[in-house]
Structures are given as C-alpha cells and as structure tokens.
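Numbering (the working numbering), first residue to last: 549 to 629.
Every residue, glycine too, gets a C-beta built ideally from N, C-alpha and C.
All of these numbers come straight from a predicted model, not from anything done at the bench.
First the structure, in the form of structure tokens, and then the observations on it.
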C-alpha cells in the first residue's frame, strides 16, 4: 500500500514541475498527467518522480492536516493507523 502526500506545484517548465511536499522541494515529471495543471495546484506523485493526479485544493489541505496530526503523535507502529 502506498501513502501519497499531496504536493503543491511551485514551478512548471514544459513537462517537468517543481513541487513542495511538506517543505521539501523536488522535481517531478508531468508526462503521466491526463489533465492540465498550473502553479498552485496539488498533485499526487508515484514512484517518487511522476505526478499522476491533480487533487482538489480543499481535499489536499484536509489530507495534509490529517497527516500532520498523525505525524505529531510521534513514532508509533504504523499498522495501528
């Protein structure tokens, strides 16, 4: 099972984008995207380098808030989630 963290696009250059994922910036490919994306959009990333789905901003923010809440609980057995 994979846990995808919504990542916000901060720069687009052709079929590549720079995204922010919980404060970490990285380059990702947009080649798998089936819809247009723009700076400020949230996307999900697979295999570490490919954006594959645009996520509604409200849904992305809700997911990020829930993840921050879980992460704030400290190290734990993730099977309990």
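If you check the CB distance, residue 576 and residue 593 come in under 8 Å. For the set 559, 620, 615, the Cα lying nearest the Cα of residue 586 is the one of 559. In the structure shown, the three-state DSSP call for residue 552 is coil. Taking every protein chain shown into account, the CB of residue 602 has 16 or more other CB atoms within 10 angstroms, so this residue is buried.
Using a Cβ distance threshold of 8 Å, residue 588 and residue 553 do not count as a contacting pair. Per DSSP, reduced to three states, the secondary structure at residue 578 is coil, with no helix or strand assignment.
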